[in-house]
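To start, the structure itself, in structure tokens.
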Amino acid sequence: MDARELIDRRYSCRTYLERPISDADRDALTAFMALKTVGPLGSDVRFGLIAASSDDEGALKRLGTYGFIKGARGFLLGAVRRGPGDLEDYGYLLEEVVLHATGLGLGTCWLGGTFTRSTFTSRFGGVDRDETIPAVVSLGYPGDDGSGRIREREQGTRRLPPDQLFFDGEWAEPLGRDRLDGHGDALEAVRMAPSATNKQPWRIVRRGGDWHFYLVRTKGYGKGSPWFKLLRIADLQRVDLGIAMCHFELVARESGRDGRWVVEDPGLALPAPGIEYTATWRG
Ligand SMILES: Cc1cc2nc3c(=O)[nH]c(=O)nc-3n(C[C@H](O)[C@H](O)[C@H](O)COP(=O)(O)O)c2cc1C
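Right, here's the structure in full:
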């Protein structure tokens, strides 16, 4: 299955069958995760798959996750070394694992919370002082039918329109269809990406061969929010940016558009406070 198809198929699956994850699927995921050790912005990450335990449903609520997760058979999680780009790298690499799991017929749901101090951490084998677990992903064979959610997404009721997300040269100018330069599918893959509370905080400004990725922060969410500081919840919107970078790169490459990630802020005038430059895909 190509990345486009996997991205179309993925949805946040919150109800799972009782069927345990097969040894073959577990081995395939573990082998894939073992290859995912360094993110595109240079952070070291290590991933693992842990089996679910009977008290996880309650534990997730206490950890500050939302949405009711029923019957997860396992969790994918990782520890990333703290540093610039750490949360984006975590989102990027774990989304690659999520898409691989989708290809195996598994359902997934990203879950943000205070995992670094949780029972999930001890089942993972602990984390070093300079590592953090920003989010986990629930895993199992889908017990619900995601077709309704996928349809809503495709009809646009659960996603922002392209002219509010993608810009041409400067922030005021929506990117026209004739200016996509073969990146239309990659941009659509960003639009379909999962994000915490579906806030879709990603924006992209194209300048020539450069696709500049920005984070538009939701007020009261993440960095600066006393609530998040108190709970030590990771800055999930930066994880969202990493997920979007993953979707963009996979589909751009599939469309025959190569490039690489650089962190070189072009210094564009920004239309509002709360917008942060993240990284650039240089084609
Ligand atoms: C970083 C991150 C954290 C998330 N945390 C939760 C969560 O705690 N509980 C939950 O039910 N869904 C969570 N989600 C799933 C989003 O709500 C979901 O991706 C979004 O609503 C879009 O729906 P879709 O994934 O079905 O396309 C999270 C997603 C991301 C990317």
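Letter by letter, the sequence shown follows residues 0 to 282 of numbering that gives the first Met the number 0. Don't be surprised by glycine CBs; every beta carbon is placed ideally from N, CA and C.
Task: Any non-hydrogen atom of ligand 1 within 6 Å of residue 11 CB - done: yes
Task: CB contact flag (residue 111, residue 235, <7 Å) - done: yes
TODO: Could you have a look at residue 6 and say whether DSSP puts it in helix, strand or coil?
DONE: helix
Open item on the list: Is residue 21 near ligand 1 - that is, is its Cβ less than 6 Å away from at least one heavy atom of it?
Closed with: no
Task: Buried or exposed by the 16-neighbour rule on C-beta atoms within 10 Å, applied to residue 199 - done: buried
Open item on the list: What does the Cβ neighbour count give for residue 57, buried or exposed, with the cut at 16 atoms within 10 Å?
Closed with: With fewer than 16 other Cβ atoms inside 10 Å of its own Cβ, residue 57 counts as exposed.
- [ ] Would you mind stating whether residue 91 and residue 258 have Cβ atoms separated by less than 7 Å?
- [x] Between residue 91 and residue 258, the CB-CB gap reaches or exceeds 7 Å.
TODO: Pull up the distance between the alpha-carbon of residue 252 and that of residue 117, whole angstroms please.
DONE: 38 Å
Open item on the list: With distance defined between alpha-carbon atoms, name the residue in 271, 250, 106 nearest to residue 146.
Closed with: Nearest of 271, 250, 106 to residue 146, Cα basis: 106.
Open item on the list: Restricting to Cα atoms, I'd like to know which of 123, 49, 103 is closest to residue 5.
Closed with: 103
TODO: Determine the closest residue to residue 166 out of 187, 190, 174, with distance taken between C-alpha atoms.
DONE: 174
Task: Cβ-Cβ distance between residue 209 and residue 150 below 7 Å - done: no
Task: Residues of its chain near residue 180, where Cβ-Cβ distance is below 6 Å and the 5 sequence neighbours each way are ignored - done: Annotation for residue 180: no residue places its beta carbon closer than 6 Å to its own, counting only its chain and skipping 5 residues before and after.
Task: Every unbroken beta strand (DSSP E) within the stretch 45-108, with a cutoff of 3 residues, ordered by chain - done: 73-80
Task: Where residue 274 sits in the DSSP three-state scheme - done: Assigned with DSSP and collapsed to three states, residue 274 falls in strand.
TODO: Mind reading off the beta-carbon distance from residue 214 to residue 275? Whole number of angstroms is fine, and I expect it under 8 Å.
DONE: 5 Å
TODO: Taking 7 Å as the cut-off, decide whether the C-beta atoms of residue 134 and residue 238 are in contact.
DONE: Yes, Cβ-Cβ distance for residue 134 and residue 238 is below 7 Å.
Open item on the list: Can you give me the C-alpha to C-alpha distance between residue 87 and residue 53, rounded to a whole angstrom?
Closed with: 31 Å
Open item on the list: ligand 1 and residue 268: does any heavy atom of the ligand fall closer than 6 Å to the residue's C-beta?
Closed with: no
Open item on the list: Considering Cα atoms alone, identify which of 159, 250, 137, 255 is closest to residue 67.
Closed with: 137
Task: Cβ-based neighbour list, residue 0, same chain, cut-off 6 Å, excluding 5 preceding and 5 following - done: Answer for residue 0: 102, listed in chain order.
Open item on the list: Extract the residue ranges of the alpha helix (DSSP H) inside the stretch 102-184, only unbroken runs of 4 or more that lie entirely within it.
Closed with: 118-123, 146-154
Task: For residue 259: DSSP bridge partner residues - done: 281
- [ ] Mind checking which residues open and close the alpha helix (DSSP H) that includes residue 215?
- [x] It is not in any alpha helix (DSSP H) - residue 215 instead sits in the beta strand (DSSP E) that spans 209-215.
TODO: Please say whether residue 211 and residue 265 have beta carbons closer to each other than 7 Å?
DONE: A contact, by the Cβ cut-off of 7 Å.
Task: Close beta carbons around residue 143, own chain, < 6 Å, minus the five adjacent residues each side - done: 14
Task: Backbone secondary structure at residue 196 - three-state DSSP - done: helix
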